[in-house]
Each structure stands twice: as C-alpha cells, then as structure tokens.
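Here the first sequence is numbered in my numbering, starting from 55 and rising by one per residue.
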Amino acid sequence: MQYQFNEIENKWRKYWAENKTFAAEDNSVKPKYYVLDMFPYPSGAGLHVGHPLGYIASDVFARFKRLQGFNVLHPMGYDSFGLPAEQYAIQTGQHPAITTKTNIEGGTDKDGNVIPGYRNQLDKIGFSFDWDREVRTSDPNYYKWTQWIFKQIFNSWYNKETDRAEVIDTLIEKFETEGNVNVKAVTDCDMTFTAEQWNGWNEEEQRKVLMSYRLTFLSDTWVNWCPALGTVLANDEIKDGVSERGGHPVEQKLMRQWSMRITAYAERLLKDLDTVDWTDSIKDIQRNWIGKSEGASVEFKVESSKFKVEVFTTRPDTIYGVSFMVLAPEHELVNQITTAEQKDKIEAYKKAASLKSERDRQSDIKNITGEFTGAYAIHPFSGDKVPVWIGDYVLASYGTGAVMAVPCGDQRDWDFANHFNIEIKNIFKDKDISEAAYAEKDAVITNSDFLNDLPVKKATKLAIYEIERSRLGKGKTQYRLRDAVFSRQRYWGEPFPVYYKGDTPYLLDTDEVVELPAIDKYLPTEDGEPPLARAKKEDWNIACPGDRMEYNTMPGWAGSSWYFLRYMDSKNINEFVDVEKVKYWQNVDLYIGGAEHATGHLLYSRFWTKFLYDMGYIPFEEPFQKMINQGMIQGNSAYIAEVHFSIAFWREGHDLEKFYDENPLTTMYVASEYIESDFVDMEKECHKLMVEKFGEELMKDVELTYASTLRKAVPIDSVSGNKLNIEKYIKWSNAGSSVFLKNKNGDFTVEREVEKMSKSKYNVQTPDELVDKYGADTLRCYEMFLGPLEQHKPWDTQGITGVNGFLKKLWRLFHDDNGLNVSDETPTKEELKSLHKTIKKVKEDIERFAFNTPVSTYMICVNELTALKCNKKDILQDLLIILSPYAPHIAEELWAKLGNKESITYAVFPKHNDAYLVESNHKYPVSFNGKMRFMLELPTNMKKEDVEAAVMANEQTLKYLAGQTPKKVIVVPNKIVNFVV
RNA sequence: GCUCGGAUGGUGGAAUUGGUAGACACGCAAGACUUAAAAUCUUGUGUCCAUUAGGACGUGCGGGUUCAAGUCCCGCUCCGAGUACCA
C-alpha cells in the first residue's frame, strides 16, 4: 500500500479546519506560549519557497509546544496596506481593497492573470494557524484601533522626571498653575512662560505650544521627499540614498508633517535591548541606528550681533583647537549673520545644496565645498575671532545643525581647513598633524589654557564643568535617531482621525473609525495635495466639524507596530485588546522573520509597546522576547550559451534554400564546457551535428560562420543537477530546429548561478508545485533540512528526494500490500534505544531552536527501525508524536489508523528514558600527574563515585598505579580523570 | 572607514560545555531485482600511500595555550551583512 500523500494531506487539512484543532483558548489554566511570524504583505506574485521557511520553523515550534502542554497562540494575518496595490490602482483604477482581497483569497486580476491567493498557498503547507484570529491592517475594524492609538499618542507628552509618557492633561494642569518653568519634558519648545501667560492665551495659541510637547506632532520639518513616489519617506525606507521601494531618488524638502517623538524613548530603546533574546547583529544595528553619543552643547556669540550659534560636540576637551565654525546650509541663522558682500555667494551655495539629492551629497563626499558667511564668532574662552562658514558636510537634522570645527582632531574639519586655507591649531602634545588630523583619544592636551597637560578623559570632564559654570552650555547626550515622520501623501493607508480649523489640527471627537473615502483617482491633486484631498467633505463617513479633514495617511509601519496585540482579541469592538487577555498572553515568546526590519518595524513596535506600557494598557515593555531571523532563500538560476551562426550556400537553387526558410538553422546551444573553446571548433562541431541531424547530402554545400554568443537563462524545471533536459527545454522554447552540442560524457551541462529569485531569471520555485509533487510534509521537512534557519542559502531541489524517501520508508515500514501492518509485541531493547535516542535528541534540538538537525535524527531512527524490521505499535505511537511537528499530515494519518480518536495535536510529547540509553558511552580521558594516557569508555548514566570506582578497577589504571593509592582523583564527566600519584 | 557575522569532502551541511572531524542527505560508483526503464534494496565513497593489514595528512592561512583545538587566544587572507559626512 503506497504512501498517498495527496489524499492524506487533503483529508487532514479539512479535518483540522472543520474541528478548529488549532484554536487557542483565551482563558486557559494552561501555561501560554505565543509564537508569531512577521505577517506578509499580500502581493499579487504569490508565495515562493522562501516565504514559508520562517513559517514552517514557527509552526514546528508551535506544534512542539502544544505537545508539551502549552496553550499556544499561533496566528497569521496580512500587512495589507502598501504601495503595490496603490500603484496598481493608479494604473488600472481598481480599488486597492479589491486587489488586496484577490491577492489574499485568490481569483483573477484585471488583466486576467490567475492569482493563487496567499491563504490558499499557506493552507497547502499544513500550518497550524488559528485562522479565527486573522487580522488585516487595511480592515476598518482593525485600523479603527490604529487610529485610536494615534489619538492616545497625540494626547500624551514625555515627562523626563518620571521617565515615561503621561496624558497631556497632567501637563496642561502644570501650565495652568505654574507655567512651564519646572516642567522637564522632551520637547522642542524653547521658550519659558508663566501660568499667567498660559492662561491669557487663546485656544489656538495654547494648542500651538502643546503641539511642541505632544508625542506625535505636526511641524515644518526637513523630510526625505521622493518625487517619483509622490511621498515623504522615513530614514529606514531609504537605502543607499534612494527609496527602498523602486529605487527612486530622494531629496530634502521642508514640509508640514506629522512626526512621532520616538527620540523621547531613545535611551529606553537602547537600554532594554539587554532584556531581549535577539541576535547580537540585530541589537547592534539598532544600537548604531539610535547612535548615542555623549558630549556638550556650547554657545558661540556672533561678533557684533545678538545672535548665538549653538553647537554640539563630543570633544569639549578640544575647544581651544577651534579655528572656525560651520553651519548647515539650511541653518536658520545663515541669512541673518551673512554679511552684505558675501550674500550672493552664500545664496548661490544654498541653492546648489538644496538641489542636490541625498544620493549626490553622499557620492560627493570627496568634494569639499563650503562658503564663508563673512561673520565671525567669538571663542567663548579665548575670545578669539573665528570665521563662520557654511558647508553641506554639516547636516541640518543632526545635533544643532552647526559644528565647532577642530581641524587638528577631526579629519573632515582638517580637510575643510586645508582646502580653504584656514588655520589649523595643534592642541595635542607631541602629535603630528601636518598631514592628517589626530583623532585617537590617547593624546595629552596642550595650548589650551586651563586644560593644559590633561589627558583626553579628564580634559573632557573639566571642560564640561567649565562650560556649565560659565553658563556657556551644558553636558549633553545626543542621539542619531530622528523623530519618525508619520505622514505619507498616499491613499492606501490609515486616514488620520484629524481635522483642521484653519491651520490648527484637532482630533475628531468620535469613537467611530474614520474610513478611507472613495475617490475617483488615486493620484495627487493638480495643486499637489495628497490623493485624499480629492474626497469631498460628504464622502467621509465622519462629519468634518472644521474646515477640512487631514489629507495625509499613516505610514506602513503604523499598522504593523501593534498587530501582535490584536491577535489576542481580534474581534473586540470595544477595545484594541481586552486587559485580561493581554495579561494572560503577555508578549510574543518567539518571533520569526527577516532581519531587514531591524531599523523599521522592529524599532517602531518597540516604541509603541513602551508607550502603551507607560499608559497602563499593557503589562510589558518589550513586544518580542526571543527572535530568530530566517535567512533568504536564493534562486539557483541556470544559464546556457546560445551560439549564433550565419549560413552561406554554395550552390544556387539548392533545396537548402527552402529548407532554410522553414528552419532558420542559425543557433546552436553548447554545453558549458565548450563556452571557453574556439569559435572555429564551434563551427566545425555545429556542422557535424547538423550533418547528423539532416544528413550529409543536404549539408554538403552549407558553410557556417560564427556570429555571437548569448548567455540565456533557462527554466529551472528543465534542469536537474547541472544537466539540461533537452527535450523539456525544446518544448518550452520552441528550439526544435537548433542543435545541442553535448560534452564528452554525452551530457548537456549548464552554468549555475545563485541569485535572488525573480521571474525574469526563470528561477522562481513556488511551494505549490513541490506540494503537488512530493506533498506538504516533504516540503516542510526539506525546507528545515536545507541548513540552519538563519543562514542565506540557495534553493536546490536535488536533495528533496532524500527527504521524500524517508517518509515513504516510514510508511512502508508499517504497511504491507493489505494496508496497515503493526505488531502488538513488546519492543526489544534495541528498538527502544533507537526510539529514546530520537526523543532525546529531537527535544533538545527543537528547544535550542536548531530546526535542521531533527530531520536527520528522524531519518536515522527510521533507518535503524527498518534494519531491525521493527513494526511495533508501541514504538510507532511515540515516533509519530515526535515526528508530528515536522510532518503533521502523515503523523495524523497513522495516528488515526492506530485507533486514536483525538488529533495527535493533543498528544503528549514523550519523555525519554535514560535506562534505554545506557549503552551510549561517555569517554573519560584518564591522566596521571597531568599527562593524558588513555581514553576509557563508560556508560553515560553512571554516578560520579561509580565512574571513579570503574576507573580504579580498570586494568590499565591498575598498571599505571602499580599498587600505589592515588593521592588525588579528579573526575568530571566527559572531562579528564586526573590521578595524582 | 567603522561595526557584526562567516570560511569544514564533489555538494548542502553535522559535531550542543575543548574529547574518535565529516552525522544525515545529495551526487557519484558498483551490484541485486527487471526484457527495459522507473521505483526499491545492498555496498563503497575526505585526500594520499599500501594488494591487504595498516599508515600519513586533513576543518581559509601563520603562530600560541592544552594530555587533547573545527571549537579558546594572537596575527593575517578572503567572502557576506549593516552603516556611513552623526561633529
């Protein structure tokens, strides 16, 4: 009786769905375990084999935890707001909601292409998701709560005294009673006011001030504007100076935008990385991104004016080395301090800088540019005049947008000074700075008045002390992290629950969701407003009490920043999540997904989680306790060389002419071995092959001339190993009239290349094909077997037969021609040993998240049982349980056949029994007086005293002891047994 | 430039705390069954020497620690990832 995986898998898939086998219980007495995958964006292209890799691993773990008696939450959903659906809408006019639905549920798109549907593809692989909890970020019932969270953030400020976010009312109360003098907040409000002043202001004025305290705020800010996408982008959405999606250029633009004050959480985001179990590499990326640096801010007065330039420096110890200052071209003081005679030059420079894209600025690093403003600043300690320049190596968005330049200690300052012939002061004792700056921190300071003869560390401390004492500035910690731009000028995203009266934004006073209104076109308006400006007031489901609604939408990361909470209570219409449920489920125990979200999603969801914690809505501060980042599965493309010839005929009127018209015989495909060979050889070989194919008579007057060689990708399903299946390829490419030059062994070899999966390279492998051919269980085992989960690896189907063979073997072991064939006999010791070895190893490996090795362990076990011809029921029962996380369908089928009424999901993971493992030995190296003499094998489960006795009784030991009693015996299992004689 | 990973047979990889390197699988070779193919099964398979017995070498390179190093330490080479005027 054969292993009919299709039948089995369909049957159990249906059973699991109908019986809701994987439903998580909300108020269980069992311990909880939360296993989560990063939810996918449902694109029209569907899944390829790389997508399910992480899902299979998490599914294995979820099933394993269920077997261990945990109440497992293992949900799935869709991050369904996003660009591709919107781009498609712009092209076709189809509403993104329809595209999204088709991509998830399957169907056909507007061009008639068949869309498989994410859900259908996922279902085929046999995941144990609790689908009743599915979320879609573009569902109004979901984004209602995204909007709600936005409102909470809007109504909050960050209190530095309590080091947490608080509701804005506590701030207003302080303003009303004592003004802002004693308020310690994260804010960009730089004025102080009294309670009288506050109370005297009208609502609009008060709101303006409050805006600079809110955790999400509207402000004019320098943003990354992407003209091609027609929207602003956050820093993490830009890679190498171009947009991550589409690779379009990005420029700096001053725009009125919503931002999230994530910088308020910089320190906590940094510190709490120590509390989560993530890879060092991800933690490192986040640490770098947050970019903490400590130093001081110092004010420099501008000569004969009321203006002051504030700078941030990490090296206050080098303050006597300052010989000039540089402002960012966008710095607000530039216009005010520039002298009349420099005005034109400065204006020209500013204009040139503003036209440069981010990318140009980066690629221009070596070009040193700048312009003198004509103004001088006064050195706060020495009183010297220092020229003030502008230069685009200083960023407007970091620190204060201005630097004190210390050319002897900073290479960029040195280059700038060198280029413009500005003085370079040396303040480092015995260091040569004639060729380059000295940036090491091991120097001793000199020529620096009160800092003379101090090493860097002490000088820094003293300098900060003096700066603070003289009220020139203060010690300061600066973060590279910027506040996150929260507006997007797009349609397909969450609308803001915000309206405007004049220029002042207000939250909509409603508990209803603000739904995306229907619009006629998904493009910006003619006067450059976002697409939502096309909606009339009455198109919105909420009546606008002011002049207009907010036209921006929220960025992609809004919905994904809290989705893990919604799974706990996805249908709740009264709250974003029920308090009791979140108390029970807590944070995600195991999170699996790609490492590419390190500075985006993973940072933002930590931020929102901390905020919700501060507000008392959830009882934990970190969303994802343990995380594993699965590697990318690359495509394994195959290339062949297509050689072109021109054909000449000797004789006129020859039949060949007609023949040639019908069969343009100008191409030959050559096996990869021939690619390097001479084209003269190719001509000969091709001719020979044509003679073989068409006969000598026809070919005798034909001359071939080599023209060119083309490298051509061939579909991977016509290749096995390195060999091309020529018939398959001919069928696919209609190359029937071409000839194929094989190598000496008679094979046609291809060139292989590992690269990203893409349609144009014909190297995409969908999981569906493999499920149809080998079954879901085989696919699951094989994807795990491929190698360590975290590692990038090329896809290669060669090995899949081995994994498939193991499942067949298992099936055969317990079946004969008549069906199930199991014996009720008591298992032998050997059989039990094989089983218990497997239980132990599989359990240990899954527990340390090694998902590849258990597959090998199963194979060894089945091989051993086959050799023992073991078909004992008792062995099979346990084997099925431990196999079920990896190959749930076959396990469930056999489990039922053995007469079990309940799904194997509710079985208990067996405990291994050491008694069956005694024969497995430990090696004890035995040494005398510190020198190793021999290895002794003893059973693993021996007690320390027994080991000692066994070693003492050993023949070789006795020889070495020669009647003496050892003074000291040191026994450490698997470590050396040391005898001091 | 800075930060973090990685390098093991023909291939993917295993070796968990320093303890028989190469598990398991692919591929390859030989054999069995078959008219044949597929499927299945058996055997072999790191390199070199040797008919065998057996021996020598072997985890990117060079050193070190240790009775014992793929694993720990120092110095390099190459590959991958992140980041980049962050003052």
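C-beta: ideal position from N, C-alpha, C; glycine also.
With the rule of 3 Cβ pairs closer than 8 Å, the stretch 380-388 counts as touching the stretch 431-451. With a threshold of 16 other beta carbon atoms within 10 Å, Pro677 meets it and is buried. Between Gly428 and Thr393, the C-beta gap is smaller than 9 Å, which places the two residues in contact. Here Leu795 really is in contact with Met722; their C-beta atoms are around 6 Å apart, less than 8 Å. When rounded, the separation of the alpha-carbon atoms in Ala116 and Phe208 is 37 Å.
By the C-beta criterion, the stretch 501-518 is judged not to be in contact with the stretch 570-582, since fewer than 3 inter-stretch pairs fall below 8 Å. Counted as a single uninterrupted DSSP element, the alpha helix (DSSP H) harbouring Val916 occupies residues Thr907 to Ala921. Spanning the alpha carbons of Val697 and Gly300 requires a straight line of approximately 35 Å.
Taking 9 Å as the cut-off, the beta carbon of Arg602 is found closer than this to the beta carbon of Tyr553. Taking a contact as a CB-CB distance under 8 Å, the pair Lys664 and Tyr319 counts as one, their CB atoms being some 6 Å apart. The residue from Cys462, Gly463 and Val448 with its alpha-carbon nearest to that of Ala456 is Val448. Here the C-alpha atom of Ile672 lies approximately 6 Å from the C-alpha atom of Leu666. Unbroken beta strand (DSSP E) runs of no fewer than 3 residues, entirely contained in the stretch 406-476, are found at 425-432, 439-444 and 456-459, following chain order. The alpha carbon of Asn606 has as its nearest neighbour, out of Val356, Pro578 and Val103, the alpha carbon of Pro578.
Of the candidates Gly171, Pro461 and Glu956, the residue whose Cα lies closest to the Cα of Ile476 is Pro461. Rounded to whole angstroms, the Cβ separation of Phe839 and Asn917 is 15 Å, and the two are not in contact under 8 Å.
Looking at the backbone, the Cα of Leu861 and that of Gln931 are separated by about 16 Å. Note that the C-beta distance between Ala350 and Gly529 is below 9 Å. Under the three-state reduction of DSSP output, Ile682 falls in the strand class. A distance of 9 Å or more separates the beta carbons of Ile929 and Ala945. Contact between the stretch 811-827 and the stretch 734-748 is absent, with fewer than three C-beta pairs closer than 8 Å.
In the structure shown, the three-state DSSP call for Ser814 is helix. Counting C-beta atoms within 10 angstroms of its own C-beta, Asp91 has 16 or more neighbours from the protein chains shown and is therefore classed as buried. Boundaries around Gln306 are those of the beta strand (DSSP E), Glu305 to Met314, since no alpha helix (DSSP H) includes it. Between Ser726 and Thr803, the C-beta gap is smaller than 9 Å, which places the two residues in contact. Relative to the Cα of Arg369, the nearest Cα in the group Pro599, Asp968, Ser313 and Ala513 belongs to Ala513. Between Glu805 and Trp849, the alpha-carbon positions lie close to 15 Å from each other. Residue burial annotation: Leu764 is exposed, with fewer than 16 other C-beta atoms found within 10 angstroms of its C-beta. Between the alpha carbons of Trp70 and Tyr109 lies a gap of roughly 18 Å. Counting along the chain, Ile499 sits inside no alpha helix (DSSP H), nor does DSSP assign it H or E at all. A direct Cα-to-Cα measurement between Pro599 and Asn278 gives close to 32 Å. For the options Phe426, Tyr492 and His385, the alpha carbon positioned closest to that of Gln396 is the one of Phe426. Residues Met681 of the same chain have their beta carbon placed closer than 7 Å to that of Trp332, with the five preceding and five following residues left out of the count. For the pair Leu323 and Arg660, the Cα-to-Cα distance works out to about 7 Å. Rounded to the nearest whole angstrom, the C-alpha separation of Ser192 and Gly180 is 26 Å.
Ala904 places its beta carbon 9 Å or farther from that of Pro964.
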